[in-house]
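Chemist: Take a look at this one; I'll ask things after.
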Amino acid sequence: MPALPTVKPFPEHMAIEQTDAWTLALASPSQTENFGSTIGRRLEKGAVITLVGELGSGKTTFVRGVVLGTGLNPHVVSSPTFTFIQEYIGPLMLAHVDLYRLEQSEELADTGLAEYFNGDFVVLIEWADRLPAAWLPDDYLSIQFLHTGKNARLVQVQAVGPRSRGLLQAAMSDSR
Ligand SMILES: Nc1ncnc2c1ncn2[C@@H]1O[C@H](COP(=O)(O)OP(=O)(O)OP(=O)(O)O)[C@@H](O)[C@H]1O
Ligand SMILES: [Mg+2]
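The sequence shown begins at 19 in the working numbering and counts up one residue at a time.
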């Protein structure tokens with residue numbers, strides 16, 4: 019009888035790995051904050067993160083985690099409701115933007131937002147779906163928050179561009 023061919027293990031490098039998307043279930047505010055810290059620890063200046071999701075879905079909680087992960091005191095974080103933009107200055111310079119109260123895109127020119135895209139700041143944008151596409155940089159990390167229950171959120175992260183893919187991969191490997 020001819021010998022059966024030996025089955026070689028599937029080569030590691032051929033494993034299909036999804037490298038530009040990450041879906042997480044977060045079961046408490048502290049899990050949302052920890053996820054933010056995981057991202058925050060890997061941030062470099064110039065990164066842009068868009069945060070999209072209905073009211074109360076965890077966007078600000080995530081930002082608090084990011085701020086903590088970059089080495090700042092997270093207690094300073096609240097929604098920058100009346101100012102549109104709140105700066106946090108520490109090891110990194112962060113701009114926390116909340117566009118909930120933006121009524122028309124023409125108002126954006128007066129917010130000073132454009133200046134934060136010069137590469138010196140990390141920019142985190144709540145209600146980024148209100149930002150016209152032309153305002154988005156070529157490379158950013160998109161995070162969608164879904165309210166799946168009183169104590170449950172589903173988060174879908176998508177890297178747009180190589181730089182954000184690097185950030186996402188680093189954060190994913192840290193959380194393994
Ligand atoms: N994974 C989670 N599970 C349960 N509750 C959460 C989770 N993440 C955050 N929360 C809670 O949800 C509430 C709303 O969170 P948060 O303010 O971060 O939402 P938001 O998306 O910023 O809302 P808004 O659109 O009003 O700015 C807070 O009480 C927060 O503690
Ligand atoms: Mg908020």
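Note that the Cβ used here is the ideal one computed from N, Cα and C, for glycine as well.
Could you please give me the residues that DSSP links to Met190 through a beta bridge?
Modeler: Here residue 190 refers to the residue found at position 172 when the sequence shown is read from its first residue. DSSP, once it has assigned bridges, lists no residue as partnering Met190.
Chemist: Below 8 Å on the Cβ atoms is my guess for Leu61 versus Leu110; work out the distance and round it to an integer in Å.
Modeler: One-based indexing of the sequence shown puts residue 61 at position 43. One-based indexing of the sequence shown puts residue 110 at position 92. Their Cβ separation, rounded to whole angstroms, is 6 Å, which keeps Leu61 and Leu110 in contact under 8 Å.
Chemist: What residue range is occupied by the uninterrupted beta strand (DSSP E) comprising Glu144?
Modeler: The residue given as residue 144 occupies position 126 in the sequence shown. Note, Glu144: beta strand (DSSP E), 139-144.
Chemist: Leaving out the 5 sequence neighbours to the left and right, which residues in its chain are closer than 6 Å to Leu164 when beta-carbon positions are compared?
Modeler: Numbered from its first residue, the sequence shown carries residue 164 at position 146. Leu172, listed in sequence order.
Chemist: With a cut-off of 8 Å on the beta carbons, I'd call Glu144 and Leu117 a contact; round off their distance for me.
Modeler: Here residue 144 refers to the residue found at position 126 when the sequence shown is read from its first residue. Here residue 117 refers to the residue found at position 99 when the sequence shown is read from its first residue. Indeed, because the Cβ distance is near 7 Å, the residues count as touching under 8 Å.
Chemist: Can you tell me whether DSSP reads Ser123 as helix, strand or coil?
Modeler: Here residue 123 refers to the residue found at position 105 when the sequence shown is read from its first residue. DSSP places Ser123 in helix when its eight states are reduced to three.
Chemist: Is the Cβ-Cβ distance between Asp138 and Lys63 less than 8 Å?
Modeler: For this step, residue 138 is matched to residue 120 along the sequence shown. For this step, residue 63 is matched to residue 45 along the sequence shown. Cβ atoms of Asp138 and Lys63: closer than 8 Å.
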